[in-house]
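Read in this note's numbering, the sequence shown has 727 at position 143, and its numbers run on one by one without any break.
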Amino acid sequence: SEYYNNLELKYSKTSIDSSYAFKNKGIIAFYKKDYKTSIYYINKSKKKILLNKDLSWYIILLQYLGENYNELDNKEEAVKYYKNVIYLSKKKKIVNNEIRLSFERIIEYYKDTNDKNNQLITINDLLSYDSIFYDTNKYLSISYYEKYENANLIKEKKNILKKHWNI
């Protein structure tokens, strides 16, 4: 993928084509564990991608920025990106399996910081997100998330309600 992406960069005739190639370069760097380079190229591409009104890719790039900062052990910066992913996906009703991880990371963050109220809210948000995802992707059979993860989320939700609010 790196080879073909470099060809795209070399032969791109428009700035938007270059922006998508920089996006790819940032994602490739992430998987190579070169997180600072990944941040650089994703930031270089995201404004043009947003100007191109490609909100789905823009949200995915925010997810990758969160993951980069998470890997660099900058949890507070990562959380900012994850929260933006959740906010934009809810506001614009964009569901994509790649950005589901932001919900999981935020739930874990609230669990670690003992913020049960926001943890519960985010669990509900994720259950809603999953419901919309599976409704819009009916061709999928019962998935891992629907069958196992959502059952665990519902169980965690009930535990929080029982332990902290006696419901």
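In this text, a Cβ means the ideal position worked out from N, Cα and C, and glycines have one as well.
Just so we're clear, the structure is a prediction, and the values are computed from it rather than from any experiment.
| Query | Result |
| --- | --- |
| Measuring alpha carbon to alpha carbon, tell me which of GLU655, ILE670, PHE614, SER715 ends up nearest ASN576. | The requested residue 576 does not occur in the structure, where the chain is confined to residues 585 to 751. |
| Using a Cβ distance threshold of 8 Å, determine whether the region 630-638 contacts the region 670-685, with at least three qualifying pairs required. | no |
| Do the region 659-670 and the region 644-651 meet, that is, are 3 or more Cβ pairs less than 8 Å apart? | yes |
| Going by beta carbon distance, what residues of the same chain come within less than 8 Å of TYR587, once the five residues before and after it are set aside? | none |
| If you count every other CB in all the chains shown that lies within 10 Å of the CB of SER725, and 16 or more means buried, which is it? | Note that SER725 has pLDDT 46, beneath the 50 cutoff, so the model's placement of it is unreliable and the number below is only indicative. Flag for SER725 reads exposed. |
| From the DSSP output, in three-state form, read off ASP601 for me. | helix |
| Applying the 10 Å Cβ sphere with the 16-neighbour rule, what's the burial state of ILE611? | buried |
| Between the alpha carbons of SER622 and LYS607, how many angstroms are there, rounded? | 9 Å |
| Any idea if TYR642 is buried or exposed, counting beta-carbon neighbours within 10 angstroms, 16 or more meaning buried? | buried |
| Cα-Cα, which of PHE717, ILE705, ASP719, TYR718 is closest to ILE738? | ILE705 |
| Would you decide whether LEU591 is buried or exposed? Buried here means 16 or more other CB atoms lie within 10 Å of its CB. | exposed |
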